[in-house]
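This report concerns only the one structure given below.
6 protein chains.
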Amino acid sequence: MPIVQVEMLKGRTLEQKRALAQKVTEAIVETANCPKEAVKIIIREMDFENFSQAGVLKCDE
Amino acid sequence: MPIVQVEMLKGRTLEQKRALAQKVTEAIVETANCPKEAVKIIIREMDFENFSQAGVLKCDE
Amino acid sequence: MPIVQVEMLKGRTLEQKRALAQKVTEAIVETANCPKEAVKIIIREMDFENFSQAGVLKCDE
Amino acid sequence: MPIVQVEMLKGRTLEQKRALAQKVTEAIVETANCPKEAVKIIIREMDFENFSQAGVLKCDE
Amino acid sequence: MPIVQVEMLKGRTLEQKRALAQKVTEAIVETANCPKEAVKIIIREMDFENFSQAGVLKCDE
Amino acid sequence: MPIVQVEMLKGRTLEQKRALAQKVTEAIVETANCPKEAVKIIIREMDFENFSQAGVLKCDE
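Written as structure tokens, this is what we have:
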């Protein structure tokens, strides 16, 4: 039943997301001891003007 | 003051969202015992390449 | 596949949560057109010192 | 290490987001006692048909 | 209507949370151009065994 | 910069969380192409009365 949310900047390819979904699911199954079918992953992509670190937007870095 | 977030795949019509907002609000008011005005709902829609179950992206199913 | 998160102040009884889970699930099924089994609800309860409105913590109101 | 998520309706300019990132970061640093570099802010913008209050979508108000 | 979630490690005092709620609200009002009453803040506190950076739990650092 | 949130039922040991943090971080680094230091993981544990599937609380299953 683990629900995983991955928040990251835009720009990953479909191929990368596909690999991410597979590998993160495996990591959860292996360590949290749950069936593969129970793992759900939500990927959220952020625009560069919607993330800041140390008070500076990513698009301004 | 309940804040409700509904995460679902893209594809619902405005009419469905309208009904969802109304019915979920009623369900919260009735069971959590709070005024209607206090219930806020955020709907988040996911692309089919941004959700995976059992390690497989929705767009690959 | 809708995943619902309900954020609310502490204090609801188990009976209220039970009703909330049932009614909100029904509302989602009816309006988002998905099977009952697909609806997951996470309830998050907040302490009164962890929520503020208009800049004032709930515990100070 | 504070991670801040700001959920708001669409329509703010880049200039407003820039100011928000800076001022909210300062507010966190000052009150939570942490280094500026540790503060991350995610801005999430909602469409008017994806937010409801009192059971009514923003786009219908 | 901005809803702000602040995720941070446990250990802040009530006084710090009070100041945080006030200052962050002011920062949002000033930059996002909205009434004070509309700003809601949820503070979420994490245990040191529930946060990791670079693959290492905070409690193991 | 990926921020990962893992929502799961209570009951995992510290050892399991430690392994989860490590393995999930590795999975993200490998597939999203980012430095290890950039990956942050938040683990959220739910009580059995705060999660429902198909309208039934976990504690009632």
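Residue numbers (our numbering), protein chains in the order written: chain A, 5 to 65; chain B, 5 to 65; chain C, 5 to 65; chain D, 5 to 65; chain E, 5 to 65; chain F, 5 to 65.
Note that the Cβ used here is the ideal one computed from N, Cα and C, for glycine as well.
- Annotation: Cβ neighbours of E/Pro6 in chain D (cutoff 7 Å, chain order): Val10, Glu11 and Met12.
- By the CB criterion at 8 Å, A/Glu11 and F/Pro6 fall inside the cutoff.
- Here the alpha carbon of E/Gln9 sits roughly 15 Å from the alpha carbon of E/Glu30.
- Between the C-alpha atoms of F/Leu61 and D/Val28 there is a straight-line separation of about 37 Å.
- Under DSSP, C/Lys44 takes part in a beta bridge, and its partners are C/Ile7 and F/Gln57.
- Leaving aside the five residues that flank B/Glu53 on each side, the residues in its chain whose CB is nearer than 6 Å to its CB run, in chain order, Leu61 and Cys63.
- With respect to F/Lys44, E/Gln57 sits close: the two C-beta atoms are nearer than 8 Å.
- Between F/Phe55 and F/Leu13, the C-beta spacing is below 8 Å.
- Not a single CB atom of chain E sits nearer than 8 Å to the CB of C/Leu24.
- A Cβ-Cβ separation of about 6 Å places E/Gly59 in contact with F/Lys40 under the 8 Å criterion.
- DSSP places E/Lys14 outside any alpha helix (DSSP H), giving it a letter other than H or E.
- Distance from the CA of D/Thr17 to the CA of D/Glu49, rounded to the nearest whole angstrom, comes to 11 Å.
- Chain C places no beta carbon closer than 8 Å to that of F/Gly15, leaving this residue out of the contacts.
- Excluding residues up to 5 positions away in sequence, Ile7, Val8, Gln9 and Val10 lie with their Cβ nearer than 8 Å to the Cβ of E/Ile46 in the same chain.
- If the five residues before and after E/Asp51 are omitted, its C-beta is found closer than 7 Å to the C-beta atoms of Lys14, all from its own chain and listed in chain order.
- Going by C-alpha positions, F/Lys21 is about 11 Å away from A/Asn37.
- Secondary structure of A/Glu49 (DSSP, three-state): strand.
- Look at F/Glu34 here: in three-state DSSP terms it is helix.
- Among the residues facing chain C, F/Phe55 is included, as its CB has a counterpart in that chain under 8 Å away.
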